[in-house]
Each structure stands twice: as C-alpha cells, then as structure tokens.
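So the sequence lines, in the order shown, correspond to chains W and G. In the numbering used here, each residue carries its 1-based index in the first sequence increased by 867. In the numbering used here, each residue carries its 1-based index in the second sequence increased by 161. We put the beta carbon where it would ideally sit given N, CA and C, even for glycine. Just so we're clear, the structure is a prediction, and the values are computed from it rather than from any experiment.
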Amino acid sequence: MVPEVPARDLAPLVAELRAVVGDEWVYTHEHQLRTYESDGLLQYQAIPAAAVLPATSEQVQAVVRACARADVPFVARGAGSGLSGGALPIADGILIVTSRMKRVLELDLANQRVCVEPGVTNIAVSSAVAPDFFYPPDPSSQIVCSIGGNVAENSGGAHCFKYGFTTNYVCGLEVVLSDGELVVLGGRELDPPGYDLLGAFVGSEGTLGIATKVWLRVVPVPESVRTLVAFFDSTHAAGEAVSEIVQSGVVPGAIEMMDKVAIEASEQMAHAGYPVGRGAALLVELDGAEQECKTRFDQVVALCERCGSDDVRVARDETERQLFWKTRKAAFPAMGRISPNYFVQDGVIPRTKLPEVLEAIDALAAEYGMVVANVFHAGDGNLHPLVCFDGRNAGEAERAEELSGRILDACLEAGGSITGEHGVGVDKKKHMPKMFGEPDLDAFQRLRCAFDPAGLANPGKVMPTPRLCGEVPGVYRQHPLEAAGLAERF
Amino acid sequence: MRPDTPEAAAELLRTLGEAGRPVRPRGGGTKDWGPVVEGAVEVETGGLARILEHNVGDFTAVLEAGVPLAEAQAEFTAHGQMLAIDPAPSARKAGRGEAAGRGRGDATVGGVMAANDSGPLRHRYGSMRDLVVGTTVALSDGTLARSGGKVIKNVAGYDLGKLFTGSFGTLGLIVRVAVRLHPLAPDTASAVGAGDDPSLLGEAARALAAKPLEADCLDLDWRDGAGRLLVRFGSAAAADQARATVAQMRALGLSECAVIEDDDELWMTQRAHQRGECVLKVSARLTDLAAVCRTGASVVGRPAAGLYWLSLPADAGAVAAARAALAPRSCTMLDAPPALRADAWAAPDPGALAVMARIKERFDPARIFRPGSFVGGI
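Below you can see the structure in the form of structure tokens.
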C-alpha cells in the first residue's frame, strides 16, 4: 500500500536538514518518529527517514531544495488530523511538519483579509478577526486542524452548505514547489491575471507543493443565529424535512442529521437530554439578518412539524445552542463507547437520493451483520456512515472495510462522489477509477506534472496507480510555408 | 466549425492539433477579449447547446457549454431557481452571429466561464469558479476529460473547473459544465445613496461591507465626477432590509438616499455600464475605491470583491495612464479595439507564470488554443 523508495543512505541529506533548521528540529529516532507515523486515519502507518520542523518559508524552501537535490520525496503535515491518510509519511522520505509556523502575519480587516502561516489552527483565524468577522469553513476538528491542512484538503464543515468551502475563502498562497521554487498563487486581490493556479492548488492534498503563507477572506459575523433540533421517527421523515426546507428557498447555515444509533451514542457522552430510541435527529441552524432569520426560522419549525416531528427543541440561548452542537460533534468520538473500532466513511450523494441510499446502507449493514451509524451534513448530501466493528475478531476489519467500500459504490450509483471533505489520500485512491476514467486521470496527471515534474511532493496519494511525468509531448512547430498560407498539413 | 457532440469536438481538435491550426473557441461571440490570433479557426459551441439535466430537488444542473446563459436561466427561473451569475449583456451584437438564428449573440455558459465574467451577484455568490461543480473539456490531442461531478460537495481529484475558469480558451475547449444553483429571491429591493467625494464613498462602502447585511449585491456606480452606492437585497424582507440600509447610508454621510422597490431597471443599467468601447478591469481592494474613482474614468465597482470596471476613452494613452495610476494593481483590458487588446494582461508572479507555461504545454500539447495570446505570451 505504502509507496517505497529504495533504501539508501540519507545521512548526508539529514545533515543538510539539520544545518537548515537546527539539530533540535530534525527528528530521526524511531520513538520521536512514531508520533508522526499516522495522521487521523490510524489504520495506515509509516515511519519517515526524518521529520523536519521548519520555522519559516525560507526554511521550508531550503528543506525542499535539499530533498530535490537528493531526489528524496517529501510529505507535508499540518496538525495530522486528516482522515484519508493524506499526511501519511513515506518510508525513507522526509516529513515536513508545519506546526511551528503559526504566526498571524497580517490583519487587514478594512479589506476583510488575513494572512497566516500554515500551522495556524482553523479556530485561531476566527479568533484573530473577532468579534466583527469570522472565517466560515469549520471542520469538526477546527480546534486543532491547521489552515495548511485545510488548504491541502479543501476542508468543509457543518456550515459549508451556506458559506462554501476552504477554496471559496483562500485568495492567495505562497507555495514552495517541489524543486524549491517559491511562488505566489493569487494574492490579496481577486481575479489575478493568468490561470487560476490557486483554484487548482486548494484541495490538491499536498501533491502540488507546500503552502507557506495563506491569504484568507473573512466575512462579517451574522446579526442573528437560531438553532433547533427536531426529532423524527425515521431518517426517511427527517430527510423529507430537509428536502422541504431546501425546496422552500431557505438556505440554512447548517442542516445536520443523526440516526438512532448516533443519537444514542452521542447522548451517552454529551447528556443533552435527547430522547433515546427516536429514529432521527435533525439540527437546523439559520443565521443572517434578524428579521429574515426569524421569518425563515418559523417556516422551518412549521416544515419540521409537517414532516412528522412532534418534538422540536429551539435553543433558548447560546449555552443551549452549544449543547446541541456538542452533541452533534460528539457523534464520532462517542461511537468509541459502543464499538471497539469504527471506520468513518465520507460519501456524497445528490440530496434527493437520501432515502434510497440510506435504505441501501441499511441493507448492506444487514447483509454484513454489522452496525452502521449515520451522521451527515444533510444539506449538501455528505454522508458520514460509521461502520462499527471489533478489530480483535479475525477478519472483521477487512469485512468492515469492504462494507465501507460498498457504501461508496452506492453513493456513486446515485450520482455522487467518493469523498466530500476528507480527501482521497491513500485511503480512497483505489476507488478513484470508479469515479474517473483513464482520460480524466490523465488530465489530473498533466496538472500534477506541471507543478511537480519530478514527482517528489506527496507521491502515492490521490492517483490510483503510480505515474511518471515523462517528457512534454513535442510542441508542434509550424513550417514557414504553412505560416505563409502556401501549404497545409492535412 | 461547429461540432455537435463532445466526442466530435475532441476528434475535431485532434485533427486541428495534428495540422497545427490555431483555434479560437467561440460561444455566443459576445466578448472579443484578449489579443487577436491571426488565422485562427473558430470552433463554435453552438452545436453543443443542450440542457442535459436540471435536478430541481438537488439545485444542480448539467449544461453543454454552448447553452445560452439566458436560456438556462429561463429554465431555472421556471422552477424558482437561478444560476447565480449575471454578467452584463453584450455591448454590441456580435456582427457575424446576428443572422444565424437562435442563441447567436447571447453569452453562453461556457463563454462566461472561459472569460470569468461576472455581474452584481458576484458580491454574494462569487464567480463561475465558485458555482461550477464539474466540467468536461476537450484538448488538442483529442482527449476528452472530466473533473468534479454533479454534487455540490466533492473533493475527489483535481479541480480542473477552476483551472479552465478564466483561461480564455487557451487551454482547451470547455464542452460541458455542471453547476450549483440557488433559490430565486421571493422579492428584491435596493438602497441607493449618492456622494461626489470618492473618499466618502470609499469609507461608506467599507462600512457597509463590514456589516452583516446579507445583501445580494453591493455596487459602486461612478461617472462624471459623482457616484452612488447600490445595495440590493433578495429575500422575503427585502424592502425592510433596504429601508434599514438607507438609514445607515444617511448616517455614513451619503446623500439622496432612497429605497427602490421596483429595482430591475436600476440593475440592468448598472450591468450594462460594465461593457463599452474600452473597458479595463482592475483586480484591487475594497480600500482602493477612492483611487479608482480618481482616475477620472466611469466606474462600475464591486467594492467588497475589490473589482472595478473602468470605462475609458479608446486610446492607448488613456489606458496607460489608468494603469500607471493604479499600479501595482493588476489591470486586464476587456472590451477594446484590437490594437489595445494586443497588450491585454498584467504580468503574474514570475514563478507562477512558469507553472502556467508548463500547464499550457501539458494541456495544449499541439499549442493550437489561441497560441501566444495569454499572459506572458503563453
């Protein structure tokens, strides 16, 4: 699974790295490197030759230059909270950790911009621009995850149905390419001249280079926020409510759904007083201008009741709102209480296919005799089925992974995607050919080769099979006779 | 040339690629932007004009690139939805296209994407890069490649849709586009406030942009030494929001502040001003508003996005003076006589330009898509 480079003596390279960042910031002992053997997806592990913690763009550049000269691949890592193995080290490669680069470099609120280093946490961006502004993309891991990682993964979050994803908020990047070249993509202004390299880079999972500075757009904090949780007998009924709400023209800040298993597990951990045994809980949050928000919120309450909810709880204050969110965000960790192990899936479907895909997941769970809990961003059809298993039982992990893969097949059959926000990484690259044909993958490779012809930036991720860049196809040169219109080459 | 299917388009491009014939993709022919490439064959998307899917419940659609934007919007409007992009109508009818029937002379979805054109809705919804969720392109070696999908959230694979947005037909032919749709507002209303002091307007725009107004549009209209800010709301409470904004405008020192409830005409006019005989687009900042007004040009601005469209006299001296006054901001020549369009682009970061050149080599190996016409002679 893990791409290998031939074992060879990396001591000269490591010595060079020590000279760049200082001895104390280059880790080579196995006990130090164990910290970095996995990202948030623990089933993959690899020990790199060294982990390097640069403090500045210039140091990142020098580290990458040294890797390029030695022809040694590197992987960038932010907080290591990714869920697709995107920051999985390469054995005998170099891991470049951005955790020391956590300065807020510029705060230009008059222009609604902030520039940060990649190691700054997601939540720290909103803190830096508070109280009048905030940074909308809010992955569940926002307290720890880094902006550099968010850029690599094009992270979403609960509020992206209304506000969009990381890619909609990054307006400029300083990037170190795999040959050590320092380039600026985009900038503080929008629509810069040339190709939208910024748009291509965000979400490229560390395969096009390492971002060392990030210019972000921030937006005014909404005037008003209203949140409710509605309970339904089934996910089907809750799904109906989601469709009704969206069809009515309301664009909620967030619409999150949990099924019966997820409600029970979360309640055990968060103690929000949720009724155990109900089929589904729907968390709906509206934000915006006071009057508009109030009118729309009343509409949402009515729609939930019309779709069969007899228990709609409106958050009375910020404390209660936080409790609703705590319960939703507890869903993943809480699963550990009811199952020794679980896999988190990250499929996407067109929202209207929700009922049939949930039925398909139920049928698969029954076929495999396993418990699957469902937690999802219902507004944008991003499902996070949690496949529960006990890794101590022989073969169960493999069966769980197979089940998890078949859930993705169901998502693709419905016209969806294999990943909504966690990324392809190593975990899903085998599924890429189900979603993309050979010409599509070939086009991806063209982009990759334009940025990283030597293939040193996070190789072995995203693309299903290793590919080399090769020469640029010969550029056709026009014969002077043709140019003069005297001959044609057909 | 006018291929009727994506496959036919790819095959045609492969043939043209082998022959080394320069190509200029053409949608509705409403935007003669960028330098002219002598002898380029026009490959039109008029034969690729089918609305393939409108998934009403999912707020998505799949369109062939040659679908006229107005036709797509008519389909969406009938279901209370919109593609949230509203570029200005063409300044002048495309000469050769006029007599040729349906759709000619109307901007197409593919053309708007390739030219990264946008209108007042940019303020809230971004540009095509923010609305396209999937795309299919045909390349000069005959490859037909797809990226993204048709769901609104998806991070599988590289985002070629963004790479092709604003590529001005220099990488390949966009043949199909999947887009995200938004609900059509039940009601609209606008607040307008005037001022003839650029600094006052700039400060008012900054203050309004910093408020959580949730406006659909926030525009600057500046001409003949006087200007106004226009704020449009699209919601059930639009008129109330506009009234509250008028009060804020007064407090910010703007004059002649008024609510306009029947505001379609106002915004049609504003959009039309974005096109002209000689239009320079400036990628700047919110706080550059006053400097942009002081160039003496007529200006349509989206201050919160930092984008401004300057209407200038069609002569090289006027354009050079505006560019010099706004340096180091990047200026792009849009509508203009061919002589002025020969030098259309500002220079990107040198390192980024090198990557762009490599992208051009890889995606257009035959080097037939408007060769030499893009940034840095790409």
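- Nearest CB-CB separation between residue 194 (chain G) and chain W: not below the 8 Å threshold.
- With respect to residue 1167 (chain W), residue 1153 (chain W) sits close: the two C-beta atoms are nearer than 8 Å.
- A direct Cα-Cα distance of roughly 7 Å separates residue 1116 (chain W) from residue 345 (chain G).
- Cα atoms of residue 310 (chain G) and residue 1217 (chain W): separation of roughly 10 Å, rounded to the nearest angstrom.
- When DSSP states are grouped into helix, strand and coil, residue 1077 (chain W) belongs to the strand group.
- According to the DSSP assignment, residue 1165 (chain W) belongs to no beta strand (DSSP E) but to the alpha helix (DSSP H) extending over 1157 to 1173.
- In the three-state reduction of the DSSP assignment, residue 1143 (chain W) falls in the coil class, being assigned neither a helical nor a strand state.
- Around the beta carbon of residue 423 (chain G), a 10 Å sphere encloses fewer than 16 other beta carbons of the protein chains shown; the residue is thus reported as exposed.
- Of the candidates G:477, G:409, G:505 and G:312, the residue whose Cα lies closest to the Cα of residue 342 (chain G) is G:312.
- For residue 1098 (chain W), the uninterrupted beta strand (DSSP E) segment begins and ends at 1091 to 1099.
- The distance from the Cβ of residue 1013 (chain W) to that of residue 1291 (chain W) is about 19 Å, inconsistent with a contact at the 8 Å cut-off.
- The continuous beta strand (DSSP E) containing residue 470 (chain G) extends over residues 468 to 472.
- Following the DSSP letters along the chain, one finds residue 171 (chain G) inside the alpha helix (DSSP H) bounded by residues 167 to 180.
- DSSP lists W:1209 as the bridge partner or partners of residue 1255 (chain W).
- Three or more pairs of CB atoms, one per stretch, sit closer than 8 Å, so the stretch 1284 to 1303 of chain W contacts the stretch 945 to 961 of chain W.
- Contact between residue 212 (chain G) and residue 222 (chain G) holds, since their C-beta atoms are separated by about 7 Å, short of 8 Å.
- Contact of residue 290 (chain G) with chain W by beta-carbon distance below 9 Å involves 1034, 1035, 1063 and 1066.
- Contact between residue 206 (chain G) and residue 269 (chain G) holds, since their C-beta atoms are separated by about 6 Å, short of 8 Å.
- Per DSSP, the continuous alpha helix (DSSP H) segment holding residue 285 (chain G) begins and ends at 283 to 286.
- Residue nearest to residue 497 (chain G) within the set G:195, G:490 and G:177 is G:195 (criterion: CA-CA distance).
- Taken in chain order, the whole alpha helix (DSSP H) runs of length 4 or more contained in the stretch 341 to 369 of chain G number zero.
- In terms of CA proximity to residue 934 (chain W), W:1321 leads the group W:1335, W:1260 and W:1321.
- In the three-state reduction of the DSSP assignment, residue 393 (chain G) falls in the strand class.
- The beta carbon of residue 893 (chain W) sits closer than 6 Å to those of 884, 885, 917 and 919, all from its chain and outside the five residues before and after it, given in chain order.
- Closest option to residue 927 (chain W), judged by alpha-carbon separation, among W:889, W:1311 and W:1223: W:889.
- For the stretch 1263 to 1290 of chain W, the residues whose beta carbon sits under 8 Å from a beta carbon of chain G are, in order, 1282, 1283, 1284, 1285, 1286, 1287, 1288, 1289 and 1290.
- Inclusion of residue 279 (chain G) and residue 248 (chain G) in the CB contact set at 8 Å is warranted, their separation being smaller than that value.
- Contact between the stretch 502 to 521 of chain G and the stretch 1041 to 1057 of chain W is present, with at least three C-beta pairs closer than 8 Å.
- In this structure residue 1020 (chain W) is buried. Its beta-carbon is surrounded by 16 or more other beta-carbon atoms within 10 angstroms.
- For residue 944 (chain W), there is no enclosing alpha helix (DSSP H); the enclosing beta strand (DSSP E) covers residues 941 to 944.
- The count of Cβ pairs closer than 8 Å, one atom from the stretch 1003 to 1017 of chain W and one from the stretch 984 to 994 of chain W, reaches three, so the stretches are in contact.
- Counting along the chain, residue 315 (chain G) sits inside no alpha helix (DSSP H), nor does DSSP assign it H or E at all.
- For the stretch 1142 to 1160 of chain W, the beta-carbon criterion of a distance under 8 Å to any beta-carbon of chain G is satisfied by 1155, 1156, 1158 and 1159.
- When DSSP states are grouped into helix, strand and coil, residue 379 (chain G) belongs to the strand group.
- Within the stretch 409 to 439 of chain G, complete alpha helix (DSSP H) segments of at least 4 residues are found at 425 to 433, given in chain order.
- The stretch 1052 to 1063 of chain W makes no contact with the stretch 1101 to 1117 of chain W: fewer than 3 CB pairs, one atom from each, lie closer than 8 Å.
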